[in-house]
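*Asks:* Our numbering puts the sequence shown at residues 1 to 319.
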Amino acid sequence: MPPRKRALDAAGDGEPTAKRRSSRQATAAATASASTAQHKAATASAKAVPTTTAARKQEEEKKKKPASKDPAPATKPKGRVATKAKPKAKPRGVPKAEAEDEAAAADTDEAEKKPSASGRDVTPDPDPASLPAQNPETVRHDGEWYWLMKAEPETRIEGGVDVRFSIDDLRACTKPEGWDGIRNYAARNNLRAMNAGDKAFFYHSNCKTPGIVGTMEIVREHSEDKSARRPGTPYHDPKSTRDKPRWSLVHVEFRRKFAVPIYLPELRDLGAAGGPLAQMQLIKQSRLSVSRVSGDEWRALCELADEKAKDAGLEHEDA
Numbered sequence: 001m002p003p004r005k006r007a008l009d010a011a012g013d014g015e016p017t018a019k020r021r022s023s024r025q026a027t028a029a030a031t032a033s034a035s036t037a038q039h040k041a042a043t044a045s046a047k048a049v050p051t052t053t054a055a056r057k058q059e060e061e062k063k064k065k066p067a068s069k070d071p072a073p074a075t076k077p078k079g080r081v082a083t084k085a086k087p088k089a090k091p092r093g094v095p096k097a098e099a100e101d102e103a104a105a106a107d108t109d110e111a112e113k114k115p116s117a118s119g120r121d122v123t124p125d126p127d128p129a130s131l132p133a134q135n136p137e138t139v140r141h142d143g144e145w146y147w148l149m150k151a152e153p154e155t156r157i158e159g160g161v162d163v164r165f166s167i168d169d170l171r172a173c174t175k176p177e178g179w180d181g182i183r184n185y186a187a188r189n190n191l192r193a194m195n196a197g198d199k200a201f202f203y204h205s206n207c208k209t210p211g212i213v214g215t216m217e218i219v220r221e222h223s224e225d226k227s228a229r230r231p232g233t234p235y236h237d238p239k240s241t242r243d244k245p246r247w248s249l250v251h252v253e254f255r256r257k258f259a260v261p262i263y264l265p266e267l268r269d270l271g272a273a274g275g276p277l278a279q280m281q282l283i284k285q286s287r288l289s290v291s292r293v294s295g296d297e298w299r300a301l302c303e304l305a306d307e308k309a310k311d312a313g314l315e316h317e318d319a
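(1) With 16 as the cutoff for other CB atoms within 10 Å, does E303 come out buried or exposed?
(2) Return the residue from the list D180, R140, V219, K310 that minimises the CA-CA distance to H236.
(3) By the DSSP assignment, the beta strand (DSSP E) with W325 in it spans what residues?
(4) Using only CA atoms, which one of K150, H251, G160, K175 lies nearest to I167?
(5) Using a threshold of 8 Å, state whether the C-beta atoms of P234 and G159 are closer than that.
(6) For A272 and I283, what's the separation of their Cα atoms in angstroms?
(7) Which residue wins for smallest C-alpha separation from L249, given the options P136, D127, I182?
(8) What residue range is occupied by the uninterrupted alpha helix (DSSP H) comprising E297?
(9) Which runs of the beta strand (DSSP E) at least 3 residues long sit entirely within the segment 258-282? Give them in chain order.
(10) DSSP three-state call for S223: helix, strand or coil?
(11) Which one of M194, R299, L314, S286 has the shortest CA to CA distance from G211?
(12) Going by the CB atoms, is the gap between G214 and K175 shorter than 8 Å?
(13) Please work out which residues of its chain come closer than 7 Å, Cβ to Cβ, to R292, disregarding the five sequence neighbours upstream and downstream, and give them in chain order.
(14) In whole angstroms, what separates the C-alpha of H204 from that of N135?
(15) Using only CA atoms, which one of E317, P245, E253, L277 lies nearest to V260?
(16) When DSSP labels each residue in this structure, what does S248 get in the three-state scheme?
(17) Buried or exposed: I157, going by 16 or more other Cβ atoms within 10 Å of its Cβ?
(18) Between which two residues does the beta strand (DSSP E) containing Y203 stretch?
(19) Classify G315 as buried or exposed, calling it buried when 16 or more other Cβ atoms lie within 10 Å of its own Cβ.
(20) Am I right that A187 and E221 are in contact with their C-beta atoms under 8 Å? What's the rounded C-beta distance?
(21) Classify E177: buried if its beta carbon has 16 or more other beta carbons within 10 angstroms, exposed otherwise.
(22) On the CB-based measure, 16 or more other CB atoms within 10 Å of its CB, does A278 come out buried or exposed?
(23) In this structure, does DSSP put S166 in helix, strand or coil?
(24) How should P132 be labelled, buried or exposed, when 16 other C-beta atoms within 10 angstroms of its C-beta is the threshold for buried?
(25) Could you check how far apart the C-beta atoms of A319 and F254 are, in whole angstroms? I think they sit under 8 Å.
(26) Am I right that L170 and F201 are in contact with their C-beta atoms under 8 Å? What's the rounded C-beta distance?
(27) If you run the structure through DSSP and keep just helix, strand and coil, what is S286?
(28) Do you know how far the Cα of W145 is from the Cα of D296?
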């Protein structure tokens with residue numbers, strides 16, 4: 001395609017090609033240009049000078065009159081004038097007690113957001129003494145039921161916190177201990193099935209010599225495990241909320257430390273086919289941290305603990 005030629009466009013933005021001129025044309029053009037310039041200057045001068053006496057007086061008065069130093073006042077906006085918002089009035093009719101309760105609840109919520117600085121939460125809020133022994137939501141069962149609950153007696157860091165807890169730690173507690181940190185639904189449901197007065201074996205788990213080391217009693221039925229709503233704690237669950245808590249705990253008290261523990265190899269031997277523990281939930285679901293123990297299993301294990309203590313010439317340590 002042949003190259004286009006550059007031409008002046010309609011707006012005059014293009015560059016026209018220069019043309020040569022004769023000397024006569026140049027002289028005539030210069031004369032015409034000078035004449036045009038003189039005419040423009042005369043016209044501008046005539047516009048600048050007032051043509052009448054009245055116009056000259058007005059011009060002189062403007063020159064004599066000093067300019068105002070103060071600027072003209074700003075024009076007020078038309079329409080509705082904005083006013084300062086009034087502070088909201090305090091609601092009337094709120095009893096003082098309710099106001100204090102709301103303030104206390106706010107303080108509690110703020111405290112719940114702060115991570116525990118002392119590791120495992122030995123006595124979580126609220127104070128166990130403020131909780132009823134029975135929960136109206138708990139299903140009542142006849143007689144005393146038995147359970148097995150696992151805890152780790154050796155140091156293990158979870159989320160920067162040492163979660164170890166042994167039967168000696170439980171014995172040192174001066175008030176009912178909340179069994180928190182359960183994050184398995186089957187184990188949680190077992191917690192919710194417990195009645196006050198039920199008994200449980202304390203089982204040392206995830207250690208060199210796992211086994212049953214003593215007994216404890218459920219003294220407060222299930223309530224919310226608030227550690228699930230505390231960021232920074234080992235078992236925080238962001239899906240657990242105040243309106244829809246997912247996890248529960250029970251409160252327990254120390255009852256007995258066996259003179260000689262019943263170790264896991266012995267439990268497995270007794271759990272063999274035809275043995276007294278063949279149907280024990282601990283044997284069948286070994287990873288469950290809270291499991292059911294039948295009455296026969298409970299009695300068989302307590303008798304075994306007594307025999308071992310007698311053979312060793314030792315006595316159990318009771319509360």
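All residues carry an ideal CB built from backbone N, CA and C; glycine is no exception.
*Replies:* Quick look at the numbers:
(1) Position 303 of the sequence shown, counted from the first residue, corresponds to residue 303. Exposed, by the Cβ-count rule.
(2) Against the sequence shown, residue 236 aligns to sequence position 236. Measuring from the Cα of H236, the nearest candidate turns out to be D180.
(3) Residue 325 lies beyond the stretch modelled for the chain, which goes from 1 to 319, so this question has no answer here.
(4) Against the sequence shown, residue 167 aligns to sequence position 167. Nearest option by C-alpha distance: K150.
(5) Position 234 of the sequence shown holds residue 234. Position 159 of the sequence shown holds residue 159. It is a contact, given that the beta carbons lie within the stated cut-off.
(6) The count along the sequence shown starts at 1 and reaches residue 272 at position 272. The count along the sequence shown starts at 1 and reaches residue 283 at position 283. Their Cα atoms are separated by approximately 9 Å.
(7) The count along the sequence shown starts at 1 and reaches residue 249 at position 249. It is I182.
(8) Position 297 of the sequence shown, counted from the first residue, corresponds to residue 297. Element bounds for E297: 295-312.
(9) none
(10) Numbered from 1 along the sequence shown, position 223 holds the residue referred to as residue 223. S223 falls in the strand class under three-state DSSP.
(11) Looking up residue 211 in the sequence shown gives position 211. Ranking the options by Cα distance to G211, first place goes to S286.
(12) One-based indexing of the sequence shown puts residue 175 at position 175. One-based indexing of the sequence shown puts residue 214 at position 214. No. Outside cutoff.
(13) Against the sequence shown, residue 292 aligns to sequence position 292. So the qualifying residues of the chain are W147, N190, Q281.
(14) Residue mapping note: residue 204 aligns to position 204 of the sequence shown, counting from 1. Residue mapping note: residue 135 aligns to position 135 of the sequence shown, counting from 1. Approximately 28 Å between the Cα atoms of the pair.
(15) One-based indexing of the sequence shown puts residue 260 at position 260. The shortest Cα separation from V260 among E317, P245, E253, L277 belongs to E317.
(16) Working through the sequence shown from its first residue, we reach residue 248 at position 248. Three-state DSSP puts S248 in a strand.
(17) As a first step, residue 157 is located in the sequence shown; it is residue number 157 there, counting from the start. So I157 ends up on the exposed side.
(18) Within the sequence shown, residue 203 is the residue found at index 203, counting from 1. 199-204 is the extent of the beta strand (DSSP E) around Y203.
(19) Counting from 1 along the sequence shown, the entry for residue 315 is found at position 315. Note that residue 315 corresponds to Glu in the displayed sequence, not to Gly. Exposed.
(20) Along the sequence shown, read from residue 1 onward, the residue named residue 187 stands at position 187. Along the sequence shown, read from residue 1 onward, the residue named residue 221 stands at position 221. That belief does not hold up - the Cβ atoms of A187 and E221 are roughly 16 Å apart, past 8 Å.
(21) By 1-based counting over the sequence shown, the position of residue 177 is 177. Its Cβ being crowded by 16 or more others within 10 Å, E177 is buried.
(22) One-based indexing of the sequence shown puts residue 278 at position 278. Result: exposed.
(23) Here residue 166 refers to the residue found at position 166 of the sequence shown. Looking at S166 - three-state DSSP - the assignment turns out to be coil, as it is neither helix nor strand.
(24) In the sequence shown, residue 132 corresponds to position 132, counting from 1. Exposed: under 16 other Cβ atoms inside 10 Å.
(25) For the purposes of this step, residue 319 is taken as residue 319 along the sequence shown, with counting starting at 1. For the purposes of this step, residue 254 is taken as residue 254 along the sequence shown, with counting starting at 1. Contact holds; Cβ gap of about 5 Å.
(26) Your numbering for residue 170 matches position 170 in the sequence shown. Your numbering for residue 201 matches position 201 in the sequence shown. That belief does not hold up - the Cβ atoms of L170 and F201 are roughly 12 Å apart, past 8 Å.
(27) Within the sequence shown, residue 286 is the residue found at index 286, counting from 1. Here S286 sits in coil by DSSP.
(28) The count along the sequence shown starts at 1 and reaches residue 296 at position 296. The count along the sequence shown starts at 1 and reaches residue 145 at position 145. Approximately 11 Å, taken between the alpha carbons.
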